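S.K.:
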Amino acid sequence: MGYWYLLIGAVLVVAFVFLYRRLLTFGKGLYHHKASHLVIITNNSQQSIEWLIRSYHMANHLRAGGLKKGRITCLDMGSSDDTISIIERLKQKYDHLDVFSHKLSSEEELTQWLKAEQQKEKVVVLDLRDIDEDKETA
Numbered sequence: 000m001g002y003w004y005l006l007i008g009a010v011l012v013v014a015f016v017f018l019y020r021r022l023l024t025f026g027k028g029l030y031h032h033k034a035s036h037l038v039i040i041t042n043n044s045q046q047s048i049e050w051l052i053r054s055y056h057m058a059n060h061l062r063a064g065g066l067k068k069g070r071i072t073c074l075d076m077g078s079s080d081d082t083i084s085i086i087e088r089l090k091q092k093y094d095h096l097d098v099f100s101h102k103l104s105s106e107e108e109l110t111q112w113l114k115a116e117q118q119k120e121k122v123v124v125l126d127l128r129d130i131d132e133d134k135e136t137a
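Heads up, the sequence shown is in numbering that gives the first Met the number 0, so the first residue is 0 and it goes up one at a time.
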């Protein structure tokens, strides 16, 4: 009688593993955006930058099973707060993090740089300049 319990338990475990793997492959089919490069535009963004980089790294790690590291590029537009030091500290932990301190003279130059990057690979752009300015005025 005890063997039946073991047999039923083994069948249930196999069925659970099968369903779990099916759900994982089904979920991957729904998400078609395959961008692996995040570009963050910052200007005095010390309040947002650290949690954003850590969250992106964790989400990318969980989604890809730790096999694929997404690239992060931070374009700083002349921060006067601790944004650059926070990014430099995180760069020591995350080797896929690039930092560019750009003093671009116009939004047009920024747009041209982003278009050039988008021709190389799919890019997601997050502009933190407006978000942090709104927090400071509130």
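Just so it is clear, CB atoms sit at the ideal spot from N, CA and C, and this is done for glycine as well.
This structure is a prediction, so every number in the text was calculated from the model and none was measured.
To the nearest angstrom, how far is it from the Cα of Ile48 to the Cα of Val16?
M.R.: 38 Å
S.K.: Thr38 and Val124: beta carbons closer than 8 Å?
M.R.: Inspection of the sequence shows that residue 38 is occupied by Val rather than by Thr. It is a contact, given that the beta carbons lie within the stated cut-off.
S.K.: In or out: Met76 buried (at least 16 other Cβ within 10 Å) or exposed?
M.R.: That one is buried.
S.K.: Below 8 Å between beta carbons: does that hold for Gly71 and Arg128?
M.R.: Here residue 71 is Ile; the residue named in the question, Gly, does not match the sequence. No, the Cβ-Cβ distance between Ile71 and Arg128 is not below 8 Å.
S.K.: Inspect the beta-carbon positions of Ile7 and Gln45 and report whether they are closer than 8 Å.
M.R.: no
S.K.: Measure the C-alpha to C-alpha separation of His56 and His95 and round it to an integer number of angstroms.
M.R.: 10 Å
S.K.: Using CA atoms only, rank isn't needed, just tell me which of Gln117, Thr82, Arg53, Val13 is closest to Asn43.
M.R.: Thr82
S.K.: Check whether the Cβ atoms of Ser35 and Glu106 sit closer than 8 Å, and answer yes or no.
M.R.: no
S.K.: Can you name, in chain order, every residue of its own chain whose Cβ lies under 7 Å from the Cβ of Val10, other than the five neighbours on each side?
M.R.: Residues of the same chain with their beta carbon placed closer than 7 Å to that of Val10 are lacking, with the five preceding and five following residues left out of the count.
S.K.: Using the rule of at least 16 other Cβ atoms within 10 Å of the residue's Cβ for burial, across every protein chain shown, is Leu5 buried or exposed?
M.R.: exposed
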